[in-house]
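Per this note's numbering, residue 2 is the first one in the sequence shown, and the count goes up by one each step.
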Amino acid sequence: MPTRSRTWCNRPPGDKTVQIDWITVAAQIANFLVLVWLLQRFLYKPITQAMTRREKEIEDRLAEAKDARQAAEEEAETLRARQAELDSEKDQILEDARQEAQALRKRLEADLREDMEGRRETWRSHLEEERESFAKTLRRRAGQQVIAITGHMVQEYARSDLTTEIASGFVARLEDMEEEKREKLADAAARSDDAARIESSVALKPGARRQISRALHKALNTDIDVHYERNEDLVMGVRLIIGEQTLEWSAARYLKRLEGVLDEVIDSAGPAQRHATDKSGK
2 MPTRSRTWCN RPPGDKTVQI DWITVAAQIA NFLVLVWLLQ RFLYKPITQA
52 MTRREKEIED RLAEAKDARQ AAEEEAETLR ARQAELDSEK DQILEDARQE
102 AQALRKRLEA DLREDMEGRR ETWRSHLEEE RESFAKTLRR RAGQQVIAIT
152 GHMVQEYARS DLTTEIASGF VARLEDMEEE KREKLADAAA RSDDAARIES
202 SVALKPGARR QISRALHKAL NTDIDVHYER NEDLVMGVRL IIGEQTLEWS
252 AARYLKRLEG VLDEVIDSAG PAQRHATDKS GK
């Protein structure tokens, strides 16, 4: 077998020139290429792929955030338009209610005057007690009819979107309630293991519910849970129930008050009417 000669073996004695071992160089180059391939395969490539995936995730999240923001802006614009529409409808409903109430009052007054004129001669022929009783009954029935029709109209219009006004009315009732009532409700809330119950004639919107809950917590200085439910027996109002304690704000309270005032007026009008009738008879 021939012997492989090395480059430095052929140097003459005393020659200090650096000789290159090409086999070593080739081996170093091969080692370097293998190292580069290993780094590329097991380090650079995974890192590059991870960076690419991360960039893709960031881009996707930015796109999702942009879409969400755009959707939120569109939803806000829709809600603003709807709110404006509801405000316009509310004003129109209130105006229609006022006009219908005025027309109804005029019709009732006209009917009552006509009926009174037709029965005047009959009243004069009866005894004074019967005449006064009949007048009271007629006035009371007319007043009750006005109250009944007004209550029906209020209940009909309560079905429209007046939840904000209803909630504001109840919040005002909470803020203005008597100190004794406030203490009773606060004591009931402290002793109760159940949530406070809010009943309303119409389904309250989330904003109206938050408004009432904040006002209740502030008024009673408590963080009691609040449960909302609908009660169609209420006439355009809200009722708070904590244990055995209740607090109510509704149009029915004003109708009851009107009915009581009407009864008082009718009862006190008897002697005055009798005196006036006596004068007209003379």
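Heads up, the beta-carbon is just placed ideally off N, CA and C, and yes, glycines get one too.
With distances taken from CA atoms, which of E56, A220, G170 is nearest L205?
Here residue 205 is taken as the residue at index 204 of the sequence shown, counted from 1. Among E56, A220, G170, the Cα nearest to that of L205 is on G170.
With 16 other CB atoms within 10 Å as the buried threshold, where does W250 fall?
Translated into the one-based positions of the sequence shown, residue 250 becomes position 249. Residue burial is scored here from C-beta neighbours: W250 has at least 16 other C-beta atoms within 10 angstroms and is therefore classed as buried.
Is it buried or exposed for T164, if we count other Cβ within 10 angstroms and need 16 for buried?
As a working mapping, residue 164 is identified with position 163 in the sequence shown. With 16 or more Cβ atoms within 10 Å of its Cβ, T164 is classed as buried.
Rounded straight-line distance, which links the Cα of S202 to that of R187
For the purposes of this step, residue 187 is taken as the residue at position 186 of the sequence shown. For the purposes of this step, residue 202 is taken as the residue at position 201 of the sequence shown. With the sequence shown as reference, residue 187 is identified as Ala, and Arg is not the correct amino acid for it. Going from the Cα of A187 to the Cα of S202 covers about 24 Å.
Measuring straight from C-alpha to C-alpha, what distance separates A189 and D224?
Your numbering for residue 189 matches position 188 in the sequence shown. Your numbering for residue 224 matches position 223 in the sequence shown. Each residue's Cα considered, the two are about 13 Å apart.
Own chain residues within Cβ distance below 8 Å of S193, not counting five before or after:
If you number the sequence shown from 1, residue 193 lands on position 192. The residues are I225, I243, G244.
Contiguous beta strand (DSSP E) assignments of at least 3 residues, all confined to the segment 48-73
none
Under 8 Å, do V239 and A196 count as touching if we go by C-beta distance?
Within the sequence shown, residue 239 is the residue found at index 238, counting from 1. Within the sequence shown, residue 196 is the residue found at index 195, counting from 1. It is not a contact, given that the beta carbons lie outside the stated cut-off.
Chain-order list of residues whose beta-carbon lies under 6 Å from that of L221 (same chain, five-residue window excluded):
As a first step, residue 221 is located in the sequence shown; it is residue number 220 there, counting from the start. Contacts found: L186, A187, A190.
Could you please give the first and the last residue of the uninterrupted beta strand (DSSP E) stretch that includes E249?
Position 248 of the sequence shown, counted from the first residue, corresponds to residue 249. Residues 246-251.
CA-to-CA distance, L39 to A28, given in whole angstroms:
Here the question's residue 28 lines up with position 27 in the sequence shown. Here the question's residue 39 lines up with position 38 in the sequence shown. Cα to Cα, the separation comes out at about 16 Å.
Have a look at K46 and I24 and give me their C-alpha separation to the nearest angstrom.
Taking the sequence shown and counting its residues from 1, one reaches residue 46 at position 45. Taking the sequence shown and counting its residues from 1, one reaches residue 24 at position 23. Each residue's Cα considered, the two are about 31 Å apart.
With a Cβ-Cβ cutoff of 8 Å, do L175 and L217 count as a contact?
By 1-based counting over the sequence shown, the position of residue 175 is 174. By 1-based counting over the sequence shown, the position of residue 217 is 216. Result yes, Cβ atoms of L175 and L217 sit closer than 8 Å.
Look up E202 in the DSSP assignment and say whether it is helix, strand or coil.
Locating residue 202 in the sequence shown gives position 201, where the first residue counts as 1. In the sequence on display, residue 202 carries Ser and not Glu. It is coil, neither helix nor strand.
Kindly identify the DSSP beta-bridge partner or partners of A197.
Taking the first residue of the sequence shown as 1, we reach residue 197 at position 196. According to DSSP, A197 bridges with V227.
Return the chain-ordered list of same chain residues with a C-beta closer than 6 Å to the C-beta of S126, the five sequence neighbours on each side being excluded.
For this step, residue 126 is matched to residue 125 along the sequence shown. Here the set comprises nothing.
In the DSSP assignment, find the unbroken alpha helix (DSSP H) run with L241 in it and report its ends.
The count along the sequence shown starts at 1 and reaches residue 241 at position 240. From DSSP, L241 is part of no alpha helix (DSSP H) but of the beta strand (DSSP E) over 238-243.
Ends of the alpha helix (DSSP H) at F33?
Within the sequence shown, numbered from 1, the residue matching residue 33 stands at position 32. Residues 23-40.
Secondary structure of D97, DSSP reduced to three states:
Along the sequence shown, one-based indexing puts residue 97 at 96. D97: helix per DSSP, three-state reduction.
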